[in-house]
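To start, the structure itself, in structure tokens.
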Amino acid sequence: MELNIRVQELTRALHRVQGIVEKKTTKPVLASVLIKTRGQDRIAVSATDLEIALTGDYEAEVIKEGSITIGAKGLYDIVRSLPEAHASLKRTANNWVEIVCGKVKYRLVANSDEEFPKLPAFSDAAFFSVDAAVVRGMIDKTLYAVSTDETRYNLTGVYCEALARETGLRMVATDGHRLSVVERAMPEAPILKEGVIIPRKGLIELRRILDDAGEGARLAFVDNSAIFESSGLTLTMRLVDGRFPDYQQVIPTAFSRQIRLSRTTLTQALKRTSLLAPDKGQGVRFDLAENMLSLTTNNPDLGEAREDIDVAYEGEPLRIGFNVRYVMDALSVITEENAVIELTDELSPGVFYGAGAEGYRAVVMPMRI
Amino acid sequence: MASMWPRIIVHADMDAFYAAVEQRDDPSLRGRPVVVGHPGPRSVVSTASYEARRFGVGSAMPMAEARRRCPEAIVVIPRFEQYEEVSRRIMEVFRSFSPDVEPLSLDEAFIDMTGAERLFGEPEAMARRIKQGVREATDLAVSVGVSATKYVAKVASDLGKPDGLLVVPPDSVLAFLDPLPIARLWGVGRKAAPRLERLGLRTIRDVREADRVWLERTFGHLGTHIHALAKGEDPRPVVSSRTRQSVGHEDTLARDIRGPDAAKPWLLGAADRVAERLRAGKFLASGVRVKLKTASFRLMTRQRRLDVPTDSADPLYKAALGILPEFDWSEPLRLVGLTAFDLVGASDPLQGQLFGQDARRKQADLDKTVDALRARFGRDVIRRGTDGRGHDRDGHDRDASDRKESDRKESDRDESDRHESDPS
């Protein structure tokens with residue numbers, strides 16, 4: 409294989425696969441990137457950890473067809489420090505790779521191509537088009553609530569299902585303490601018979617490439633995989649093989665107390681009071697009175713903090729505790745300036761959302777403090 | 150002068166507790182060698198009276214060995230309910246001196262008396278009043294050690310036994326510790342002691358004067374730990390029972406067992422008892438630890454966090470099952486135990502759960518019913534339909550007498566004080 413390529417183009421390609429390649433692996437090939445020529449003017453750059461695979465299509469001047477498999481991190485570090493705008497890559501005997509850029513020349517040890525895992529390919533994938541910005545927004549609103557506890561396997565991803573009443577998609581994430589649900593209309597009906605769980609790592613990668621995705625983004629679900637395509641990129645993710653809990657039943661349908669307040673004011677107040685939240689549990693106490701919400705934290709080793717904020721509330725007083733981080737996470741993905749909190753009693757989950765914003769609800773289970 | 154004391158920490162430890170209670174309740178046992186424990190061939194001595202100790206009988210010694218050393222010993226089957234009752238009265242006495250009481254077991258506690266000089270006088274006067282209080286409430290003797298750290302206070306109460314009272318003021322700590330053998334250092338057990346001795350460290354002074362960096366390099370964590378102790382440094386606070394750290398149950402088996410399947414019934418039984426005690430103490434546990442001891446006395450422990458804190462036997466048992474593959478099962482086992490740790494008390498912060506509330510509520514109702522029945526009619530009024538292997542409790546695969554002969558040990562000490570095995 410031999411090719412000439414713009415350094416910027418190759419840097420972009422290698423940057424994209426950095427999150428996918430395994431950093432601590434016993435199989436060096438899983439830390440590798442596969443570069444393969446496609447015709448005379450393109451190359452495919454792929455990486456996989458066996459759960460997720462990403463292939464990108466990039467411009468290059470192909471002199472001689474072929475491929476190389478080489479450590480992704482090392483190559484990325486070299487390429488992004490190259491001095492000139494163009495470089496040449498050449499595979500020589502015994503899996504050596506030669507990179508020449510201006511006056512710099514590298515000779516690198518590469519792997520044999522045969523070791524690179526077979527990339528998933530689906531000929532029968534039924535794609536439906538999606539708006540990249542909408543999907544990105546949905547991921548932002550759910551990813552934070554995904555469980556990182558590997559023993560709760562079925563919660564380690566975002567649950568996706570087609571909406572029943574309209575053309576659109578619903579995403580749900582929970583770690584058992586809080587839950588986030590977002591629904592969005594889609595230009596085209598999702599081809600998705602039943603709900604699936606997309607793994608956290610896959611969503612993080614999808615979120616990354618959505619930033620670059622332009623028109624023509626599309627999604628498909630085949631067997632136990634999800635495939636996303638856009639702007640010459642194909643991301644394949646193996647789905648979480650588990651049963652998502654019955655989330656509908658834990659989203660409150662009624663409430664007895666509704667508070668309207670400035671999201672920024674509450675976030676700032678929580679930031680200040682959280683400095684004295686106890687290490688264990690991170691509890692903040694909400695004391696709700698007419699048009700007034702008091703936040704209190706008490707760290708036995710440090711001291712206490714209290715902040716009163718003005719809110720719009722008419723109703724019975726209530727004292728309820730929350731993990732301050734859960735509330736801040738929920739608020740952080742609300743884009744509207746005015747937020748609504750719905751509460752019932754100190755044992756029932758609180759619901760957080762942006763005023764006037766349909767289609768997003770953050771449910772947070774209170775804590776006893 | 151008490152004002153020189155940064156903290157005043159009392160360690161109070163009942164003398165030969167179980168045996169002393171038996172001798173108090175049965176005058177015919179007084180002045181005679183009494184050994185509390187089950188008479189079975191594999192059981193171990195829970196407590197030996199001082200009369201029996203003169204024959205070399207000690208706690209945790211196999212019963213057979215105890216009988217060999219002291220054939221005239223009177224073996225008394227433990228009455229845990231009675232010991233618990235007496236223990237409650239002892240702890241009440243301690244709490245009348247300070248709210249900061251950390252029970253280590255039924256018969257032993259730390260009491261933080263810092264700032265109580267005006268009420269009770271100098272440390273020695275405090276100790277005398279505590280001894281007197283216990284004597285008046287229970288007619289039993291307690292040994293008391295007083296110093297500025299938990300470690301030194303405990304060593305002092307040990308050395309004073311029986312009926313001891315030993316005060317080690319801060320400026321006498323080094324003189325007090327220096328001549329003691331290294332086995333007096335917490336964390337130095339049967340495994341670590343010979344290693345230290347081979348390197349010429351025989352007394353606490355040797356450890357204190359050894360180079361800290363070298364100790365650390367040679368013994369890792371243990372090195373840092375014992376160097377600090379040897380200098381009398383032990384910043385650990387007295388943690389009152391509100392923040393108790395673990396509840397455990399272990400069985401020393403009448404016959405060695407092999408393999409995970411044989412251990413399961415014991416784990417289930419232990420989970421049941423631990424859960425019962427968690428409920429009694431209004432605790433939820435966030436972690437489970439399984440402890441196995443091989444026939445050659447090799448101790449193995451593995452632990453796991455629970456995703457939802459619990460006081461029910463089932464989740465504890467299931468978590469224990471999840472840990473079993475991590476053990477080395479090649480050797481036969483003589484002891485199986487289960488400990489619940491990371492306890493959440495009734496007034497501690499507790500994160501609510503979105504899922505499974507109904508199922509947990511039902512389980513809680515069931516547990517409550519079982520607890521009430523057992524409180525009225527005894528433990529055996531209700532038993533599980535399965536012993537964890539899919540057989541009936543009294544099925545052919547197991548000898549039901551295993552249970553009766555086995556020795557039980559309730560352990561609810563703070564794990565940090567159990568350094569018997571070499572932490573490295």
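For the protein sequence lines, the chains are L and X, in the order given. So the first sequence is residues 409 to 777, counted in my numbering. So the second sequence is residues 150 to 573, counted in my numbering. Using N, Cα and C, we set each Cβ at its ideal position, and we do this for glycine too.
Contact list for residue i against chain X, beta-carbon separation under 9 angstroms
i, result
"L/P774", "Q500, G501"
"L/P653", "L503, F504, G505"
Local Cβ density within 10 Å of residue i, reported as buried at 16 or more and exposed below that
i, result
"X/L482", "buried"
"L/P757", "buried"
"L/A770", "buried"
"X/F229", "exposed"
"X/D175", "exposed"
"L/E724", "exposed"
"X/H398", "buried"
"L/Q690", "buried"
"X/F446", "exposed"
"X/R191", "buried"
"L/S489", "exposed"
"X/G336", "buried"
"L/N731", "buried"
"L/G764", "exposed"
Span separating the alpha-carbon of residue i from that of residue j
i, j, result
"L/T564", "X/L345", "47 angstroms"
"X/R277", "X/A469", "45 angstroms"
"X/K280", "X/V225", "26 angstroms"
"X/V291", "L/T433", "58 angstroms"
"X/D543", "X/V183", "The pLDDT assigned to X/D543 is 38, lower than 50, so where the model puts this residue is not dependable, and the model offers no usable value."
"L/N519", "L/A468", "22 angstroms"
"X/R533", "X/F526", "16 angstroms"
"X/A444", "X/D405", "7 angstroms"
"X/L402", "X/A377", "38 angstroms"
"L/E596", "L/L438", "36 angstroms"
"X/A91", "X/G189", "Past the edges of chain X, shown from 150 to 573, lies residue 91 of chain X, and the structure says nothing about it."
"L/A455", "L/S440", "7 angstroms"
"L/G545", "X/G505", "30 angstroms"
"L/A625", "X/L503", "35 angstroms"
"L/P528", "L/T644", "7 angstroms"
"X/G186", "X/I375", "33 angstroms"
"X/W154", "L/I667", "53 angstroms"
"L/G711", "L/P686", "9 angstroms"
"L/S475", "L/G447", "12 angstroms"
"L/P660", "L/P607", "26 angstroms"
Other residues of its chain near residue i: CB distance less than 6 angstroms, five sequence neighbours each side excluded
i, result
"X/V519", "I531"
"L/V542", "R592"
"X/V623", "Residue 623 of chain X is absent from the structure shown; chain X starts at 150 and stops at 573."
"X/V316", "P272, E273, V295"
"L/L516", "V505"
Proximal chain X residues relative to residue i, where beta-carbon distance stays under 8 angstroms
i, result
"L/N731", "Q500"
"L/P757", "G501, L503"
"L/L551", "Neighbours of L/L551 on chain X: none; closest Cβ ~18 angstroms, over 8 angstroms."
"L/L587", "L503"
Same chain, Cβ closer than 8 angstroms to residue i, neighbours up to 5 away in sequence not counted
i, result
"L/N562", "I605, V648, G650, R651, F652, P653"
"L/K513", "E506, I507"
"X/G309", "S292, V293, G294, L315"
Contacts that residue i makes with chain L (C-beta to C-beta distance below 7 angstroms)
i, result
"X/V456", "With the sequence shown as reference, residue 456 of chain X is identified as Asp, and Val is not the correct amino acid for it. Under the 7 angstroms cutoff, chain L gives D557, T559, R560, G584."
Closer than 7 angstroms: residue i CB and nearest the ligand SAH heavy atom
i, result
"X/A209", "Absent from the structure shown: the ligand SAH. Ligands present: none."
Contact list for residue i against chain X, beta-carbon separation under 7 angstroms
i, result
"L/V658", "L503, F504"
"L/L703", "Correct list: empty, because the minimum Cβ distance to chain X is about 16 angstroms."
"L/G762", "The premise fails here: L/G762 is roughly 21 angstroms from chain X at the closest Cβ pair, so nothing lies under 7 angstroms."
"L/I777", "P498"
Neighbourhood of residue i by C-beta, 7 angstroms cutoff - its chain only, sequence neighbours within 5 removed
i, result
"X/R216", "A222"
"X/R237", "none"
"X/D566", "Note on X/D566: pLDDT 32, under 50, position unreliable in the model; no value is reported."
"X/A209", "V193, V194"
Any chain A beta carbon closer than 8 angstroms to residue i
i, result
"X/A165", "Included in the structure are the protein chains L and X, with no chain A among them."
Members of the segment 491-517 of chain X near chain L, C-beta cut-off 7 angstroms: P498, L499, Q500, G501, Q502, L503, F504
Mind listing which residues of the segment 676-700 of chain L have their C-beta closer than 8 angstroms to chain X's C-betas, in chain order? P686, K688, G689, G691
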